[in-house]
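Student: With the numbering used here applied, the sequence shown covers 8 to 474.
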Amino acid sequence: MNLPNIKEARKRTKNEVEHIYLEQEYDKNAFKNKKYFLRTYGCQMNVHDSEEIAARLESLGFESTDELEKANIIILNTCAIRENAHDKLYGFLGRCKHAKKLDDSIIIGICGCMAQEEGVVKELMKKHPYVDIVFGTHNIHELQDLILERNSKQNIRVYSCEGNVYENISYKRDSNIKAWVNIQYGCDKFCTYCIVPYTRGKQRSRKSKEIIKEVKDLVKDGYKEVTLLGQNVNAYGKDIEGELSFADLLQSVAETGIERVRFVTSHPWDFTDEMIDAIANNDNIMNYIHLPLQSGSDSILKKMGRRYTKNEYLELYNKIKGRVKDVAITTDIIVGFPNETEEDFLETLDVVNKCKFDGAFTFIYSPREGTPAATMEDSVDLKTKEDRLYKLNELINKYSLENNKKLEGKVVKVLVEGISEKDNNKVFGYTETMKLVNVTNAKEDIGNIIDVKIIEAKSFSLDGEKN
Ligand code: 5AD
Ligand code: SF4
8 MNLPNIKEAR KRTKNEVEHI YLEQEYDKNA FKNKKYFLRT YGCQMNVHDS EEIAARLESL
68 GFESTDELEK ANIIILNTCA IRENAHDKLY GFLGRCKHAK KLDDSIIIGI CGCMAQEEGV
128 VKELMKKHPY VDIVFGTHNI HELQDLILER NSKQNIRVYS CEGNVYENIS YKRDSNIKAW
188 VNIQYGCDKF CTYCIVPYTR GKQRSRKSKE IIKEVKDLVK DGYKEVTLLG QNVNAYGKDI
248 EGELSFADLL QSVAETGIER VRFVTSHPWD FTDEMIDAIA NNDNIMNYIH LPLQSGSDSI
308 LKKMGRRYTK NEYLELYNKI KGRVKDVAIT TDIIVGFPNE TEEDFLETLD VVNKCKFDGA
368 FTFIYSPREG TPAATMEDSV DLKTKEDRLY KLNELINKYS LENNKKLEGK VVKVLVEGIS
428 EKDNNKVFGY TETMKLVNVT NAKEDIGNII DVKIIEAKSF SLDGEKN
């Protein structure tokens, strides 16, 4: 067994990543009539990994269930980005332990980013022996073998070093209207607070011809939207000699004719003019960009290792706003980074006041063991951090509502995805700018892009009717 040690990750030398074409065949009857329960925590990358995990479970004959009590195998796909992820996992494990007490044949599996943490794996081995299999983010392709080979011992398969890039992966996609498409794994940025480069390894891009083939297949299957997925999408290709840049990849994906192209997440440091041109010049590349700010203070940005200043962020923001028509921009912000002063925090509010973001994910800094920031001295108390988060959210929500209000009375294009959860007479979908809309009179339009007149704007959604 090769236990992950995140301190080693920084020392890795650039290794030659292989692009491997998987050809795996399994017995569809191996677990016929057996059920799987799959719970996903965390980001879109994990959501998409779960689509792969589901397909792998179904290749052995398992069927999906939403009821834990009915499951023959329970898989928890975990997230490690903030400390509260641990509490969530161990809370849920209590339920799994109980289920296993009632039926010893149930298989319990833990995967995802927490499985890449040395401390977590040790704790699972010591305190949770009823967990049958543990597999890391680089070992998903081994899931069927782990299940088939299991015995009375805990089976752990976690590589501490990044794996290869696998092709020919099957997914059980959550939607038949919009799809995630991985373009890159891992991240080379090593922002000082972030655990991702350790849990997901160095950046490894897929080959552009495979990405384009996947999008073309999705178009053939009737998909309307793809979201190109990576931790730092605009650094795409930099790790493969002669590969397309992200701007060129965007252009090629747009040329497949798919109706909507999106991408997450962009790092301001890698955002090029060519990218802005590609977005501005192609109607099917959506005018929506998620552009994490993290902090507005130059000294905090430096300590975070973000590689840009407040002014450089603002310049980029204004350039995008000036060139891409009606673009919506959202962001991520962390408050309470070690020793963040009131002045630092006011700099962040100043950027929010200048950018008037369409929305933001906001977080209190959470120290992650093994990252450089976790060893930094921090004199700011939790109450101050909570107050800052509260103030920040008030401002974010104010601008979000203001931006949404501008749409009242306007007609926008909405890709209708399904029936609204709150009101069965309405459908829901997203605008080109990624705003959630609940629509009346459009039940027959699921899967279509329709014109919707916005009747009322709220902070986090819009109400509209089919035009
Ligand atoms: N503490 C708080 N927030 C974090 N993020 C990443 N690492 C941490 C951390 N240690 C936030 C960043 C990132 C988003 C996905 O999560 O804002 O953009
Ligand atoms: Fe983490 Fe994103 Fe920074 Fe990569 S670019 S280290 S994923 S915050």
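Heads up, the beta-carbon is just placed ideally off N, CA and C, and yes, glycines get one too.
These numbers were taken from a predicted model, which means no experiment stands behind them.
Does the beta-carbon of K310, which I'm using as the reference point, lie nearer than 7 Å to any heavy atom of ligand 2?
Tutor: Not under cutoff, so the answer is no.
Student: State yes or no: is the C-beta of Q31 nearer than 7 Å to some heavy atom of ligand 2?
Tutor: Q31: no, Cβ never under 7 Å from ligand 2.
Student: V418: buried (16+ other C-beta within 10 angstroms of its C-beta) or exposed?
Tutor: Looking at its Cβ environment, which holds fewer than 16 other Cβ atoms inside 10 Å, V418 is exposed.
Student: Mind checking whether the beta-carbon of P275 lies closer than 7 Å to any heavy atom of ligand 1?
Tutor: P275 Cβ: outside cutoff for every heavy atom of ligand 1.
Student: For K392, which of F364, E415, F344, N411 has the nearest alpha-carbon?
Tutor: The residue with the shortest Cα to Cα distance from K392 is F344.
Student: Given a threshold of 16 other Cβ atoms within 10 Å of its Cβ, counted over all protein chains shown, does E428 qualify as buried or as exposed?
Tutor: Exposed, since its Cβ has fewer than 16 Cβ neighbours within 10 Å.
Student: So, helix, strand or coil for D458, using DSSP?
Tutor: D458 falls in the strand class under three-state DSSP.
Student: Should D56 be labelled buried (16 or more other beta-carbon atoms within 10 Å of its own) or exposed?
Tutor: Counting Cβ neighbours within 10 Å, D56 comes out buried, since at least 16 surround it.
Student: Going by alpha carbons, who is nearest to G101 out of L131, G49, V222?
Tutor: Of the candidates L131, G49, V222, the one whose C-alpha sits nearest the C-alpha of G101 is L131.
Student: Any idea if M8 is buried or exposed, counting beta-carbon neighbours within 10 angstroms, 16 or more meaning buried?
Tutor: Residue placement at M8 cannot be trusted, given a pLDDT of 48 that sits under 50; what the coordinates show is reported in the next sentence. So M8 counts as exposed.
Student: Please report the distance separating the alpha-carbon of A62 from that of E354.
Tutor: Their Cα atoms are separated by approximately 46 Å.
Student: For K185, count neighbouring C-beta atoms within 10 Å of its own C-beta (all shown protein chains included) and say buried if the count is 16 or more, exposed if not.
Tutor: K185 should be labelled buried.
Student: What distance in whole Å lies between the Cβ atoms of A87 and M121, which are believed to be in contact at a cut-off of 8 Å?
Tutor: Between A87 and M121 the Cβ distance is about 5 Å, and since that is below 8 Å, they are a contact.
Student: Is the number of C-beta pairs between the segment 360-368 and the segment 173-182 that are closer than 8 Å three or more?
Tutor: Contact between the segment 360-368 and the segment 173-182 is absent, because fewer than three Cβ pairs lie under 8 Å.
Student: If you draw a straight line from the C-alpha of E401 to the C-alpha of V128, how long is it?
Tutor: Cα-Cα distance, rounded: 39 Å.
Student: Based on Cα-Cα distance, which residue from A92, K41, L225 lies nearest to E70?
Tutor: For the residues A92, K41, L225, the minimum Cα distance to E70 belongs to K41.
Student: When you compare each of S66, L414, E174, G264 to L29 by their alpha carbons, which one comes out closest?
Tutor: Considering only alpha carbons, the answer is E174.
Student: For L236 versus V271, is the C-beta spacing smaller than 8 Å?
Tutor: The answer is yes: Cβ separation under 8 Å.
Student: Closer than 7 Å by C-beta to E384: which residues in its own chain qualify, once you throw out the five before and the five after it? Chain order, please.
Tutor: Result list for E384: P345, N346, in chain order.
Student: Is it right to say P299 is buried, meaning 16 or more other beta carbons lie within 10 angstroms of its own, or is it exposed?
Tutor: With 16 or more Cβ atoms within 10 Å of its Cβ, P299 is classed as buried.
Student: On the criterion of 16 or more Cβ atoms from any shown chain inside 10 Å, does H274 qualify as buried, or is it exposed?
Tutor: It is buried - the Cβ of H274 has at least 16 other Cβ atoms within 10 Å.
Student: Cβ atoms of E221 and V268: under 8 Å apart, would you say?
Tutor: Taking 8 Å as the Cβ cut-off, V268 and E221 do not qualify as a contacting pair.
Student: Report the rounded CA-to-CA distance for N146 versus K39, giving the unit in angstroms.
Tutor: Rounded to whole angstroms, N146 to K39 spans 24 Å at the Cα level.
Student: For a quick check, are the C-beta atoms of M282 and N325 less than 8 Å apart?
Tutor: Against a cut-off of 8 Å, the Cβ pair of N325 and M282 comes out as no contact.
Student: Is the beta carbon of G170 closer than 8 Å to that of G119?
Tutor: Result no, Cβ atoms of G119 and G170 do not sit closer than 8 Å.
Student: Around the Cβ of N318, are there at least 16 other Cβ atoms within 10 angstroms (buried) or fewer (exposed)?
Tutor: Exposed, by the Cβ-count rule.
Student: What would DSSP say about D191, mapped onto helix, strand or coil?
Tutor: The sequence shown places Gln at residue 191, rather than the Asp named in the question. Residue state, collapsed to three classes: strand.
Student: Measuring alpha carbon to alpha carbon, tell me which of L83, K35, H148 ends up nearest I4.
Tutor: Outside the shown range of the chain (8 to 474) lies residue 4, about which nothing can therefore be said.
Student: How about Q82 and I113: are their beta carbons less than 8 Å apart?
Tutor: For the record, residue 82 in the displayed sequence is Ile; it is not Gln. Against a cut-off of 8 Å, the Cβ pair of I113 and I82 comes out as no contact.
Student: Could you name the residues of the same chain whose beta carbon sits closer than 8 Å to that of D430, not counting the 5 residues immediately before and after it, in chain order?
Tutor: The answer, listed in chain order, is N445.
Student: Whole angstroms are fine: how far does the CA of T263 sit from the CA of L256?
Tutor: Those two C-alpha atoms are separated by around 11 Å.
Student: Do K460 and N448 have their beta-carbon atoms positioned less than 8 Å apart in this structure?
Tutor: No.
Student: Pull up the CB-CB distance for V477 and L399, whole angstroms please, since I reckon it's below 8 Å.
Tutor: Since the first residue shown for the chain is 8 and the last is 474, residue 477 is missing from the structure and cannot be characterised.
Student: In its own chain, which residues sit with a C-beta less than 6 Å from the C-beta of L64, not counting the 5 before and 5 after it?
Tutor: Excluding residues within five positions, the ones whose Cβ falls inside 6 Å are Y43.
Student: If you reduce the DSSP assignment to three classes, tell me which class Q210 lands in.
Tutor: Three-state DSSP puts Q210 in coil, outside helix and strand.
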